[in-house]
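A short write-up of the structure that comes next.
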Amino acid sequence: MKFIIAIIKPFKLDEVREALGGLGVAGMTVSEVKGFGRQKGQTEIYRGAEYSVNMLPKVKLEIATSDELMPKVVETIQQTASTESIGDGKIFVLDLESTTRIRTGETNETAL
Amino acid sequence: MNKILKYGAAGLAALAAGAMPAFAQEAAEAAPAVANPGNNAWMMTSTVLVLAMILPGLALFYGGLTRSKNMLSTMTQIGATAALAMIVWVIWGYSTAFGPEGNAFFSWGNLFLAGTTPDSTAATFSDEVISEYVFISFQMTFAAITAALILGATAERMKFSAVMVFVPIWLTIVYFPIAHMVWGGGGLILDWGALDFAGGTVVHINAGVSGLVLAYLLGKRKGYPTEPMPPHSLTLTMVGTGLLWVGWFGFNAGSELEADGFAGLAMINTFVATAAAALAWMVTEKLAGQKPSALGFCSGVIAGLVAVTPAAGNSGPMGALVLGIVSAVVCYFAVAKLKNAMGYDDSLDAFGIHGVGGIVGAIGTGIVYSPALGGPGDPADFVMGAQVWIQIKAVVVAIVWAGVGTAIAGFIAKILTGLRVSEQTEIEGLDISEHGERAYN
């Protein structure tokens, strides 16, 4: 099993979710996060007081998948979340040791 | 038509109503002075419009500009200050500003409103009268908002207890005397012939300068100016700005004390100057290489309203338009450049907009009053240079009086309460430390 963490632009969330639903991804966890990468922050000015904001808002997706489905999920996220400009985000893939469904106690592939 | 003489009449009428019951009785036998219901209704409406400027208008305007940890502190200080000012006003404030007996600086003789009854009247600027209780209420809201305006300069670091000690002392030694000097019968500045239709000097210069002095006494907020302190909700600031603009029609057009043509003039000027200033602030931002911003719009609205306050019934609409533009540009430089250069921490720009805009308005009123510029000055005897000189003298007296009085009141508050919250309180935020609540859960 694999664990996929994807950081994407917030406005791309719905599009990505729909595309992944089509692939048969059964669930994901979404959080609003802040961070920085190559994209430069913005400058905010309030009555002449300038603040540079170097942490930008992004959305983080966490998805557990089977080994077979993982490449398709990564590819789909990459293609739907891309705007071909800096700040589009990154996708990380980790090995996943175990999964347990809390309701039934099922484990691993059957719990996905 | 001269607005100064009209205000003098108001003061004298209040005087007659309170001090000379025998005279009033005779007058009543001859021709009973009854408040005109139309004018009375307009003044009752104006009075509650000014209340809406304070709560929720000013509370939201200032609250949105603070950080979220100080939202409730800012709004609670404004609410409690207004409430305290109302109580002080009926006990000794009205008597000290508009009492039946007095000199050039203050008055006396109507403590606890003892001399006022439902039959008492206050003269307007013609031979009409309004209910004295309505006049007292209307003027009460002015005292309340002026004290509350100061809190913009002291936000995010002044103790609640210090505010509660400072406000009654400040009202007594600063606001009541200045209100008497500008509007009361026999007042120093009134007798000079200074023009202040709705309180540019009494309210805005006074509050702005007092805020600046108190900001110096308090010192800068921890982390200012290196840490970012962006406004936590410009949405609420925009809501507050809208309420202030709406309420300001009571403030300005209500200051005519009648629902007549000059109230109409004050009304249109309160639209025109404000609209011009809102746009002018955003244009200035653009010319300074920035983006036209929401806060710029709100700041422009307030700068325009402040500047047109003394000019509301003392200017033609085109004069008000120019006055609004000038005020916005000057206030922009005061808050964006002057504040940084001088290094004071006027948290929400009470001085930068109310003080500076008030000065622009007070002096500008001496110019736009000119009949040659469409103002209501008398073409036969209006001399612009002389009028501007009177306006400048009034501004200087207000600045010095407010500065010295605030230093005294602030010093007393400092001895009694310590004035400023502890560093720990400031870091945690005044909401949780001073009030035990959070604005947002």
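Quick mapping for you: the protein sequence lines, in order, are chains A and B. Numbered per the numbering used here, the first sequence spans residues 1 to 112. Numbered per the numbering used here, the second sequence spans residues 1001 to 1441. Note that beta-carbon positions come from the ideal geometry of N, C-alpha and C, so glycine has one too.
- Under the rule that a run must span 4 or more residues, the alpha helix (DSSP H) segments found entirely inside the region 1047-1126 of chain B read 1059-1065, 1071-1088, 1094-1098.
- Annotation: phenylalanine 1176 of chain B to leucine 1190 of chain B spans about 14 Å, alpha carbon to alpha carbon.
- At least one CB of chain B lies nearer than 8 Å to the CB of glycine 48 of chain A.
- Look at the beta carbons and you see the region 1325-1341 of chain B not touching the region 1191-1204 of chain B: under three pairs across the two are nearer than 8 Å.
- Assigned with DSSP and collapsed to three states, leucine 1348 of chain B falls in coil, not helix or strand.
- Within the region 1260-1303 of chain B, the runs of alpha helix (DSSP H) at least 4 residues long that lie entirely inside it are, in chain order, 1261-1287.
- Following the DSSP letters along the chain, one finds lysine 40 of chain A in no alpha helix (DSSP H), marked with neither H nor E.
- Contact between alanine 1362 of chain B and valine 1395 of chain B holds: CB atoms are separated by about 5 Å, below the 8 Å threshold.
- The C-beta of glutamine 1290 of chain B comes closer than 8 Å to at least one C-beta of chain A.
- For proline 1317 of chain B, the nearest beta carbon of chain A is not closer than 8 Å to its own beta carbon.
- The three-state reading of DSSP puts proline 71 of chain A in helix, counting H, G and I together.
- Pairing glycine 1319 of chain B with valine 1368 of chain B gives a Cβ-Cβ distance under 8 Å.
- At a cut-off of 8 Å, the C-beta of proline 1231 of chain B has a neighbouring C-beta in chain A.
- The continuous beta strand (DSSP E) containing tyrosine 51 of chain A extends over residues 49-53.
- From the beta-carbon of alanine 1336 of chain B, the residues of chain A found nearer than 7 Å are Arg47, Gly48.
- Uninterrupted beta strand (DSSP E) stretches at least 3 residues long and entirely within the region 1121-1206 of chain B occur at 1121-1123, 1129-1131, given in chain order.
- Under a criterion of Cβ atoms nearer than 9 Å, the residues of chain B adjacent to glutamate 44 of chain A are, in order, Pro1228, Pro1230.
- Taking a C-beta distance under 8 Å as the contact criterion, leucine 1321 of chain B and alanine 1276 of chain B qualify as a contact pair.
- Closest in C-alpha terms to alanine 1059 of chain B, from the list B:Leu1149, B:Ile1408, B:Pro1100, comes B:Leu1149.
- Within chain A, Arg47 have C-beta atoms less than 8 Å from the C-beta of serine 1299 of chain B, given in sequence order.
- One Cα belongs to isoleucine 77 of chain A, the other to valine 16 of chain A, and the distance between them is close to 6 Å.
- The C-beta distance from histidine 1354 of chain B to alanine 1207 of chain B rounds to 5 Å, short enough to meet the 8 Å contact threshold.
- A direct Cα-to-Cα measurement between glycine 1261 of chain B and lysine 34 of chain A gives close to 57 Å.
- Inter-residue distance for serine 1233 of chain B and serine 1137 of chain B is about 32 Å (C-alpha atoms, whole angstroms).
- The CB of leucine 1295 of chain B comes closer than 7 Å to the CB of Tyr46, Arg47 in chain A, given here in chain order.
- Inclusion of phenylalanine 1106 of chain B and threonine 1096 of chain B in the CB contact set at 8 Å is warranted, their separation being smaller than that value.
- Apart from the 5 residues on each side of it in sequence, valine 1326 of chain B sits with its Cβ closer than 7 Å to the Cβ of Val1360, Gly1364 in its chain, given in chain order.
- Here valine 1048 of chain B is exposed: its Cβ has fewer than 16 other Cβ atoms, across all protein chains shown, within 10 Å.
- Burial of glycine 1377 of chain B is indicated by the presence of at least 16 other C-beta atoms within 10 angstroms of its C-beta.
- By the 16-neighbour rule on beta-carbons within 10 angstroms, phenylalanine 92 of chain A is exposed.
- In chain order, Tyr1344 place their CB closer than 7 Å to the CB of tyrosine 1216 of chain B, counting only its own chain and leaving out the 5 sequence neighbours on each side.
- Residue contact with chain A for aspartate 1349 of chain B: present (Cβ-Cβ distance below 8 Å to some residue of chain A).
- Per DSSP, valine 1034 of chain B lies in no beta strand (DSSP E) segment and is marked neither H nor E.
- A straight-line Cα-Cα distance of about 21 Å links methionine 1164 of chain B and phenylalanine 1061 of chain B.
- Under the three-state reduction of DSSP, glycine 21 of chain A is assigned to helix.
- Threonine 1417 of chain B sits in a helix when the DSSP states are folded into three classes.
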